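Q: In order, the protein sequence lines correspond to chains D, R and L. The opening residue of the first sequence carries number 2 in the numbering used here; numbering runs sequentially from there. The opening residue of the second sequence carries number 421 in the numbering used here; numbering runs sequentially from there. The opening residue of the third sequence carries number 30 in the numbering used here; numbering runs sequentially from there. Each residue gets a CB set at the ideal place from its N, CA and C atoms; glycine is no exception. As the structure is a computational prediction, the values presented were derived from the model and not from experiment. Here you go, one structure.
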Amino acid sequence: MKKMSKILCMLLSVAMLLSLAACGSSANTAAKGEANLAAAYDKYLSGFSTNGTNGTLTVALSPDFAPMEFYDVAKSGDAAIVGFDVLLANYLAQELDMNLALKPMSFDACQAAVQTGNVDIAISGFSWTYERSQNYELSDWYVAGDNETEQSIICLKENEGKFTKPEDFVGAKIGYQGASLQQVLVEETFGEMDVDISNVFSDLGTAVEALKAKQIDFLAVAHGNGESIIASANDSIAFTGFDFEVDEIYKNNVCLLQKGNTELLEKVNAALAKALENDYYSGWYDACKVYAGVSTLDELGFDDEGNKITE
Amino acid sequence: MLDIKNIYKNFGDLHVLKGVSTHVEKGEVIVIIGVSGSGKSTLLRCMNLLEEPTFGEVWMEGKLMTPPDPYLHFDVIRASKTYQKLVESGLSDDEAIHKIKDEDLLKEKHPKTEGPAYAALLKKIYDENGIDINLGRQKMGMVFQNFNLFNNKTVLENITLAPIKIGKQRLKDAKKRGETPDKTPDDVVREANEKAMKLLTRIGLQDKANVYPSTLSGGQKQRVAIVRALAMEPDVMLFDEPTSALDPEMVGEVLDLIRDLVKDGMTSVIVTHEMGFAKEVADRVIFMHDGVIAEEGTPDEVFNHPKNPRCKEFLSKVLY
Amino acid sequence: MTFLTNVANILAKYWQVFLIQGIGYTLLLSVIAVAGGAFFGSLLALAKRSKLKILKALAAILVEIVRGTPVLLQLYIGVFVFPMIIPKLSSLPYIYSVSIVLIINSSAYVSEIIRSGIEAVDVGQMEAARSLGLTHTTAMLSIILPQAVKNILPALGNEFIMVVKETSLASTFFVGELMTAYLKVKGYTYLTMECLAIVGVLYFALTYILSKILKAFERRMKAHA
Numbered sequence: 002m003k004k005m006s007k008i009l010c011m012l013l014s015v016a017m018l019l020s021l022a023a024c025g026s027s028a029n030t031a032a033k034g035e036a037n038l039a040a041a042y043d044k045y046l047s048g049f050s051t052n053g054t055n056g057t058l059t060v061a062l063s064p065d066f067a068p069m070e071f072y073d074v075a076k077s078g079d080a081a082i083v084g085f086d087v088l089l090a091n092y093l094a095q096e097l098d099m100n101l102a103l104k105p106m107s108f109d110a111c112q113a114a115v116q117t118g119n120v121d122i123a124i125s126g127f128s129w130t131y132e133r134s135q136n137y138e139l140s141d142w143y144v145a146g147d148n149e150t151e152q153s154i155i156c157l158k159e160n161e162g163k164f165t166k167p168e169d170f171v172g173a174k175i176g177y178q179g180a181s182l183q184q185v186l187v188e189e190t191f192g193e194m195d196v197d198i199s200n201v202f203s204d205l206g207t208a209v210e211a212l213k214a215k216q217i218d219f220l221a222v223a224h225g226n227g228e229s230i231i232a233s234a235n236d237s238i239a240f241t242g243f244d245f246e247v248d249e250i251y252k253n254n255v256c257l258l259q260k261g262n263t264e265l266l267e268k269v270n271a272a273l274a275k276a277l278e279n280d281y282y283s284g285w286y287d288a289c290k291v292y293a294g295v296s297t298l299d300e301l302g303f304d305d306e307g308n309k310i311t312e
Numbered sequence: 421m422l423d424i425k426n427i428y429k430n431f432g433d434l435h436v437l438k439g440v441s442t443h444v445e446k447g448e449v450i451v452i453i454g455v456s457g458s459g460k461s462t463l464l465r466c467m468n469l470l471e472e473p474t475f476g477e478v479w480m481e482g483k484l485m486t487p488p489d490p491y492l493h494f495d496v497i498r499a500s501k502t503y504q505k506l507v508e509s510g511l512s513d514d515e516a517i518h519k520i521k522d523e524d525l526l527k528e529k530h531p532k533t534e535g536p537a538y539a540a541l542l543k544k545i546y547d548e549n550g551i552d553i554n555l556g557r558q559k560m561g562m563v564f565q566n567f568n569l570f571n572n573k574t575v576l577e578n579i580t581l582a583p584i585k586i587g588k589q590r591l592k593d594a595k596k597r598g599e600t601p602d603k604t605p606d607d608v609v610r611e612a613n614e615k616a617m618k619l620l621t622r623i624g625l626q627d628k629a630n631v632y633p634s635t636l637s638g639g640q641k642q643r644v645a646i647v648r649a650l651a652m653e654p655d656v657m658l659f660d661e662p663t664s665a666l667d668p669e670m671v672g673e674v675l676d677l678i679r680d681l682v683k684d685g686m687t688s689v690i691v692t693h694e695m696g697f698a699k700e701v702a703d704r705v706i707f708m709h710d711g712v713i714a715e716e717g718t719p720d721e722v723f724n725h726p727k728n729p730r731c732k733e734f735l736s737k738v739l740y
Numbered sequence: 030m031t032f033l034t035n036v037a038n039i040l041a042k043y044w045q046v047f048l049i050q051g052i053g054y055t056l057l058l059s060v061i062a063v064a065g066g067a068f069f070g071s072l073l074a075l076a077k078r079s080k081l082k083i084l085k086a087l088a089a090i091l092v093e094i095v096r097g098t099p100v101l102l103q104l105y106i107g108v109f110v111f112p113m114i115i116p117k118l119s120s121l122p123y124i125y126s127v128s129i130v131l132i133i134n135s136s137a138y139v140s141e142i143i144r145s146g147i148e149a150v151d152v153g154q155m156e157a158a159r160s161l162g163l164t165h166t167t168a169m170l171s172i173i174l175p176q177a178v179k180n181i182l183p184a185l186g187n188e189f190i191m192v193v194k195e196t197s198l199a200s201t202f203f204v205g206e207l208m209t210a211y212l213k214v215k216g217y218t219y220l221t222m223e224c225l226a227i228v229g230v231l232y233f234a235l236t237y238i239l240s241k242i243l244k245a246f247e248r249r250m251k252a253h254a
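What follows is the structure, encoded as structure tokens:
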């Protein structure tokens with residue numbers, strides 16, 4: 002019995018050590034030359050003051066969606082959650098004179114969290130949809146770079162640039178993420194045509210794999226996501242050359258608030274209006290594109306310290 | 421010493437015992453025989469309340485072990501509402517009582533439905549005569565067909581567990597009552613161990629004191645089981661087919677031990693198929709059939725001059 | 030070949046997320062769930078054997094509901110509904126609610142493990158103990174439970190391995206265990222298959238090693254008896 006408990010103790014301590022290391026660790030795996038990917042983003046982030054006096058703003062988001070929200074594993078704790086929506090969240094907290102608490106959870110859970118009042122607001126790349134507007138308070142639009150403005154179709158490299166009109170897609174299989182803006186666009190554009198649009202995926206990653214495996218011929222994505230995907234795909238995926246015509250109403254992202262929470266809604270909209278007026282969004286989005294490895298600081302007009310170069 | 425009054429035992433719809441009465445005097449050796457399903461093991465197990473009789477009472481040394489059975493107390497029946505109603509409707513005392521007993525009219529002996537007088541009488545009977553079931557069992561030792569030695573205790577611990585636990589509890593209870601105890605808990609342990617070693621030596625297994633039962637043979641296990649029961653110094657020993665699970669070559673050593681106990685005067689009730697042994701040690705033989713005692717008498721009477729046809733049939737198959 | 034190169038690159042860059050954080054949190058959650066589950070499971074098992082009818086009924090209902098609903102559903106309830114009842118939870122990180130749910134879930138299964146462990150002990154042991162005049166409680170503590178433990182421990186070990194896999198559901202709330210690591214890295218690299226492969230291999234390695242350790246324990250216990 003003694004030997005057994007000794008082994009038990011050893012195992013428990015190993016498990017505990019590992020978890021302690023986990024809690025305190027910061028994976029410092031940034032290689033040389035990559036350290037500056039975060040420069041512009043960090044610059045913007047440090048510009049926000051979120052030591053508010055008005056309580057805490059709890060924000061739900063799903064950090065598996067570069068460049069809007071994702072994890073930088075080189076950082077630890079809440080600071081590891083980064084992306085456009087995170088900058089927006091910080092900005093809103095500042096404008097509302099509140100502290101900020103980020104609550105990461107799956108995309109579905111974000112909506113449930115807002116619905117039950119578990120969080121104040123969900124900022125996770127949500128587009129405007131009719132159903133959402135019925136069940137939640139949707140904020141005014143915020144512009145997430147060209148992420149939502151341009152909606153495109155990607156394909157395997159061999160088909161690059163060859164499909165530019167809707168008719169080109171007759172007889173093909175197009176995939177998209179379920180309950181997304183892309184679904185609405187695909188159904189609107191190809192619904193009446195002889196195109197197989199039954200290929201729904203629960204998340205973008207799975208859809209990309211299906212494209213690689215030729216289970217679908219084409220994948221409808223937001224242009225920004227498409228750029229991320231192509232950047233990681235080692236030249237095997239490319240844009241078809243087809244872009245959806247996007248109604249103004251679909252072009253941008255919204256924040257979700259609990260139905261009836263008009264007080265917070267007004268404050269949020271006021272802050273968003275200010276951001277729109279002063280054109281904060283494009284700078285933020287560019288910084289995030291760099292961070293997500295889609296572009297370089299240079300390409301998007303930042304210097305090495307992350308300051309935006311204004312002509 | 422041991423009084424069995426009109427025991428009925430039902431398992432759901434299965435009626436195993438259908439009115440069995442007997443009693444065991446001090447020093448008597450009773451052997452119970454019969455076919456499987458005749459109720460002999462059930463009867464034995466009712467004696468120390470391992471099975472709770474559906475009706476009937478078990479009295480041990482003048483103390484009531486089961487709850488009082490109203491059907492056995494006429495004054496209780498007379499106090500019941502059902503009786504009142506029957507008498508009012510014109511039945512005589514005798515008729516009413518018989519009707520109640522035959523038709524089991526006292527609704528499951530529920531005190532509340534039969535009135536406060538009834539309940540009070542039942543309580544009085546129990547208060548005056550009742551004994552805590554554990555105390556009663558401490559005076560009765562039981563030996564099982566499958567030995568049932570405690571697998572997680574050594575042979576010595578098997579024997580000393582009950583004496584030590586119960587001995588220490590007695591000391592605690594005495595303290596609670598304000599009496600000064602005549603020994604310490606350590607004394608209890610010491611005495612239990614000494615007695616256990618004596619018993620083990622008696623059966624020649626003193627070397628096995630610190631081994632676990634799984635290493636013993638069947639015969640050794642059963643002899644340890646018998647000695648474990650003896651350690652509590654019971655007034656009566658109950659044996660439930662003690663040799664039925666043993667290989668033939670080990671039956672002898674167990675029967676020898678039982679024979680010794682009986683010679684020393686231990687009151688015993690033995691359920692067995694060993695007819696030769698029964699003839700040898702029994703003061704009285706009970707033949708059970710279909711839940712009742714079909715034949716009862718001295719070994720000579722039952723084995724050599726059976727009256728009951730079922731008994732004759734059984735013996736002709738069993739003795740050869 | 031690009032698949033393997035990608036895997037190698039990902040491991041080189043993100044090994045800490047998978048191996049330290051991922052496995053660390055997975056083990057932490059599992060240990061918390063099963064240790065807590067063992068404790069509360071014992072209480073539940075006691076409650077189910079109690080003479081108080083209402084306690085028995087409540088315990089039975091809890092066990093049935095917990096065993097009859099998906100763990101994911103329970104996690105949602107834990108994270109979104111519990112803070113309404115226990116306000117302190119809203120200010121704590123989600124890992125607390127998740128741990129509570131996992132403990133409750135494990136208790137239900139453990140109480141059944143304990144129950145069957147006890148019932149597997151031969152009924153003759155209790156009969157012999159009662160025949161000697163020992164009380165039910167003494168018999169349980171001295172004879173039955175020690176033997177039941179020998180039945181319970183292997184089943185408990187199996188429960189632990191099941192829980193290790195169940196912790197993957199906590200990734201819904203980005204708690205940090207192995208599946209969360211998958212989400213984090215996949216969210217940045219969009220290399221789903223590669224990340225899945227890494228995480229799959231790690232889960233398998235973890236459960237395989239744990240079952241080997243479990244078997245070694247079982248052998249030790251049998252030898253000791």
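Flag residue 190(D) as yes if its beta-carbon sits less than 7 Å from any beta-carbon of chain L, otherwise no.
A: No, residue 190(D) does not count as interfacial toward chain L.
Q: Beta-carbon of residue 105(D) versus every beta-carbon of chain L: anything under 7 Å?
A: At least one chain L Cβ lies under 7 Å of residue 105(D).
Q: With 7 Å as the limit, tell me which residues of the segment 107-122 of chain D have their beta carbon closer than that to any beta carbon of chain L; keep them in chain order.
A: For the segment 107-122 of chain D, which is checked against every Cβ of chain L, the residues closer than 7 Å are 107, 110, 113, 114, 117, 119.
Q: Name the residues in the segment 164-191 of chain L whose C-beta lies less than 8 Å from a C-beta of chain D; which are they?
A: For the segment 164-191 of chain L, which is checked against every Cβ of chain D, not one residue is closer than 8 Å.
Q: Rounded to a whole number of angstroms, what is the C-alpha to C-alpha distance between residue 714(R) and residue 462(R)?
A: Near 16 Å, if we compare the C-alpha coordinates of residue 462(R) and residue 714(R).
Q: May I ask you to report which of helix, strand or coil DSSP gives residue 257(D)?
A: Strand.
Q: Which same chain residues, not among the five before or five after residue 22(D), have their C-beta less than 8 Å away from its C-beta?
A: Only weak support is given to the placement of residue 22(D): the predicted model assigns it a pLDDT of 49, under 50, and the question is left unresolved by the model.
Q: Candidates 141(D), 214(D), 143(D): which alpha carbon is nearest residue 176(D)'s?
A: For residue 176(D), the nearest C-alpha among the options comes from 214(D).
Q: Select from 431(R), 585(R), 717(R), 728(R) the residue whose C-alpha is nearest the C-alpha of residue 652(R).
A: Nearest of 431(R), 585(R), 717(R), 728(R) to residue 652(R), Cα basis: 585(R).
Q: In the DSSP assignment, what residue or residues form a beta bridge with residue 479(R)?
A: Its beta-bridge partners are 423(R), 484(R).
Q: I'd like to know if residue 46(L) contacts chain D, where contact means its C-beta is closer than 7 Å to some C-beta of that chain.
A: By this cut-off, residue 46(L) is an interface position.
Q: Between which two residues does the beta strand (DSSP E) containing residue 712(R) stretch?
A: Run containing residue 712(R): 712-717, per the beta strand (DSSP E) assignment.
Q: On a Cα-Cα basis, can you pick out the residue from 264(D), 228(D), 280(D) that is closest to residue 291(D)?
A: Nearest option by C-alpha distance: 228(D).
Q: For the segment 179-208 of chain D, list every residue whose C-beta sits within 8 Å of some C-beta in chain L, in sequence order.
A: From the segment 179-208 of chain D, only 205, 206, 207 have a Cβ closer than 8 Å to chain L.
Q: Taking 7 Å as the threshold (beta carbon to beta carbon), is residue 71(D) in contact with chain L?
A: Judged by the 7 Å Cβ criterion, residue 71(D) is in contact with chain L.
Q: For the segment 201-213 of chain L, list every residue whose C-beta sits within 7 Å of some C-beta in chain D, in sequence order.
A: Listed by position, the residues of the segment 201-213 of chain L near chain D (Cβ gap below 7 Å) are 201, 202, 203, 205, 212, 213.
Q: Let me see if you follow: with CB-CB separation under 7 Å, is residue 229(D) close to chain L or not?
A: Cβ-Cβ to chain L under 7 Å: yes for residue 229(D).
Q: Can you grab the Cα-Cα spacing for the pair residue 188(L) / residue 196(L), in whole Å?
A: Those two C-alpha atoms are separated by around 12 Å.
Q: Is the CB of residue 216(L) under 7 Å away from at least one CB in chain D?
A: Yes, residue 216(L) counts as interfacial toward chain D.
Q: Between residue 453(R) and residue 161(L), what straight-line distance do the alpha-carbon atoms span, to the nearest angstrom?
A: In a straight line, the C-alpha of residue 453(R) is about 25 Å away from that of residue 161(L).
Q: For the segment 554-566 of chain R against the segment 652-664 of chain R, do three or more pairs of beta-carbon atoms, one drawn from each stretch, fall closer than 8 Å, so that the two count as touching?
A: At 8 Å Cβ cutoff, the stretches touch.
Q: Taking Cβ to Cβ, would you say residue 428(R) is nearer than 7 Å to residue 475(R)?
A: A contact, by the Cβ cut-off of 7 Å.
Q: With three or more beta-carbon pairs closer than 8 Å as the criterion, would you say the segment 597-617 of chain R touches the segment 533-543 of chain R?
A: Because the criterion of three Cβ pairs below 8 Å is not met, the segment 597-617 of chain R and the segment 533-543 of chain R do not touch.
Q: With distances taken between CB atoms, is the gap from residue 228(L) to residue 207(L) smaller than 7 Å?
A: Yes, the pair counts as a contact, with Cβ atoms nearer than the cut-off.
Q: So if DSSP puts residue 450(R) in a beta bridge, which residue, or which two residues, is it bridged to?
A: Paired residue(s): 689(R), 704(R).
Q: Between which two residues does the beta strand (DSSP E) containing residue 657(R) stretch?
A: Here the beta strand (DSSP E) through residue 657(R) covers 656-660.
Q: Are at least three pairs of beta-carbons, each pair with one atom in the segment 119-130 of chain D and one in the segment 52-71 of chain D, less than 8 Å apart?
A: Counting Cβ pairs under 8 Å, three or more are found: they touch.
Q: Identify each residue in the segment 149-162 of chain L for which the Cβ-Cβ distance to at least one residue of chain R is less than 8 Å, and report them in chain order.
A: Within the segment 149-162 of chain L, the residues whose Cβ lies closer than 8 Å to some Cβ of chain R are 151, 153, 154, 156, 157, 158, 159, 160, 161, 162, listed in chain order.
Q: Between residue 90(L) and chain D, is any beta-carbon pair separated by less than 7 Å?
A: Not an interface residue.
Q: List the DSSP bridge partners of residue 174(D).
A: Partner(s): 197(D).
Q: Between residue 665(R) and residue 638(R), how many whole angstroms is the CB-CB distance? I'm expecting something under 8 Å.
A: Rounded, the Cβ-Cβ distance is 7 Å, consistent with contact.
Q: Just confirm the distance between the C-beta atoms of residue 588(R) and residue 608(R), as a whole number of angstroms; I'd bet it's less than 8 Å.
A: About 6 Å separates the two Cβ atoms, so the contact holds.
Q: Apart from the five residues just before and just after residue 66(D), which ones in its own chain have a Cβ nearer than 6 Å to its Cβ?
A: Cβ within range, chain order: 126.
Q: For a quick check, are the C-beta atoms of residue 233(D) and residue 218(L) less than 7 Å apart?
A: Yes.
Q: Which of the three DSSP states, helix, strand or coil, is assigned to residue 137(D)?
A: Residue state, collapsed to three classes: strand.
Q: Does the CB of residue 109(L) have a neighbour CB from chain D at under 7 Å?
A: True, the Cβ-Cβ gap to chain D drops below 7 Å.
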